[in-house]
Amino acid sequence: MKCRTCTAKAVIEARRHNAAFCKDCFITHVERQVQKSIDTEKMLSKDDRVLVAVSGGKDSLTLWETLHRLGYSTTGYHIVLGIGDYSPLAREKAEAYAKGQGLALIVTDLKEEYDFTIPELALHTPRVSCSACGLSKRYLMNRTALKEGFTVLATGHNLDDAASTLLGNLLHWHTDQLSRMRPAMEATHPKLVKTVKPLIRLTERETLAYTILRGIDYHEDECPNAVGATSLLYKDLLNQLEHASPGAKQSFYFGFLKKGRPAFLAADTDGFELKECAVCGQATTTEACAFCRMMEQARRAAAPRNP
Ligand code: Q46
Ligand code: ZN
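Numbers 524 to 830, taken from this note's numbering, label the letters of the sequence shown in order.
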């Protein structure tokens, strides 16, 4: 098998592009795909200060590496979730990468700053771990980006993530979510920051190959709470489809953006009136935001009861 671009020996096949690449041409291909997403969706400019969400895994480090190499001004952001043996190693990988590249990394330790880890939030509130975790991450990423003066927040969601979320939203007819599935979300309130997903044209297999070929040391373990998640079932199903019909994931997701999403815009809740949380001042549609309500629930449940 020969590289499509230079005819050297190929090291990876990209069936949906009907191509194979050698190491150097694959790396160039990945970085071009990231630039293409940025340009097509008007995600970033070279004047932006970009906060990059960095878990320490293959996707977030691919994101940071490609944005940095493409010349964007980036700072990493890592949240210490307090999940067993998984979190300390995740932090270690994020910090080692930042140090090796001479890039700044901001770290928030949930337990130190907000008194609860993710397992403790799952224990003391009705939310399951991934729900508490997703809410905390969204809240802290936005809050930190605003507080530190970043103009855009970039996350490492890839094509597999987007396609599986789309499948889940369609299976349950979450029309409001479907209307908001965009790779770039402009800020709709002064307390919200623009968010972008520059890896949206890359599959998980491609980000993994990129980190390996670039020699990036990433956190290989999955979070223990991911085991049995429905999103993994959806990813498996989509991988089966992709195997039988290369390009299926891409046409499913990008076809939806072009032809499906407009049909759901009427259900868009972006029009809902956003106000500032009475507790923390972040944007919300309710009196206190969901993060502040969750923390209050946890504090009440964890407080020693009066005899
Ligand atoms: S949401 Fe759930 Fe992930 Fe948080 S608790 Fe782990 S699996 S890390 S993307
Ligand atoms: Zn709040």
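Don't be surprised by glycine CBs; every beta carbon is placed ideally from N, CA and C. Here the structure is a predicted model, which means the values were calculated and not measured.
Per-residue burial, residue i [other beta carbons within 10 Å of its own, 16 or more giving buried]
i      : result
Cys529 : exposed
Ala826 : exposed
Gly679 : buried
Glu635 : exposed
Asp684 : buried
Trp696 : exposed
Gln763 : exposed
Glu745 : exposed
Ser659 : buried
Phe795 : exposed
Val750 : exposed
Glu588 : buried
Residues that residue i bridges to, as DSSP identifies them
i      : result
His601 : Val630
Leu676 : Leu574 and Thr718
Lys532 : Lys525
Thr807 : Lys798
Ala543 : Glu536
Ser583 : Note: Ser583 sits in no beta bridge, so no partner.
Ala707 : Val719
Ser596 : Arg572
Inter-residue spacing [alpha-carbon to alpha-carbon] between residue i and residue j
i      : j      : result
Thr563 : Arg555 : 12 Å
His601 : Gly580 : 11 Å
Tyr620 : Val575 : 13 Å
Leu644 : Lys798 : 25 Å
Ser687 : Asn681 : 10 Å
Ser596 : Ala677 : 12 Å
Arg650 : Glu819 : 13 Å
Asp479 : Lys616 : With the chain represented from 524 up to 830, any question about residue 479 goes unanswered, as that position is not in the structure.
Val577 : Thr585 : 10 Å
Ala767 : Asp547 : 28 Å
Gln624 : Ala732 : 20 Å
Lys565 : Gly594 : 16 Å
Leu690 : Ala771 : 12 Å
His552 : Phe544 : 8 Å
Range covered by the beta strand (DSSP E) that runs through residue i
i      : result
Glu536 : Ile535 to Ala537
Phe795 : Segment: none, Phe795 is in no beta strand (DSSP E) and carries neither H nor E.
The alpha helix (DSSP H) enclosing residue i, as first and last residue numbers
i      : result
Ala821 : Ala813 to Ala825
Ala767 : Thr753 to Ala767
Tyr662 : Ser652 to Lys670
Asp684 : Leu682 to Leu694
Arg614 : Tyr609 to Gln624
Thr730 : Glu727 to Arg737
Ala786 : Arg784 to Phe787
His647 : Ile641 to His647
- Message: Across the stretch 592 to 607 and the stretch 627 to 634, are there enough close Cβ pairs to call them in contact, namely three or more that are closer than 8 Å?
- Response: yes
- Query: Does the stretch 772 to 791 touch the stretch 799 to 807, meaning 3 or more C-beta pairs lie closer than 8 Å?
  - Reply: no
For the 8 Å Cβ check, are there 3 or more pairs between the stretch 535 to 546 and the stretch 564 to 574?
no
Q. Quick one: any contact between the stretch 713 to 727 and the stretch 668 to 675, if contact means 3 or more CB pairs under 8 Å?
A. yes
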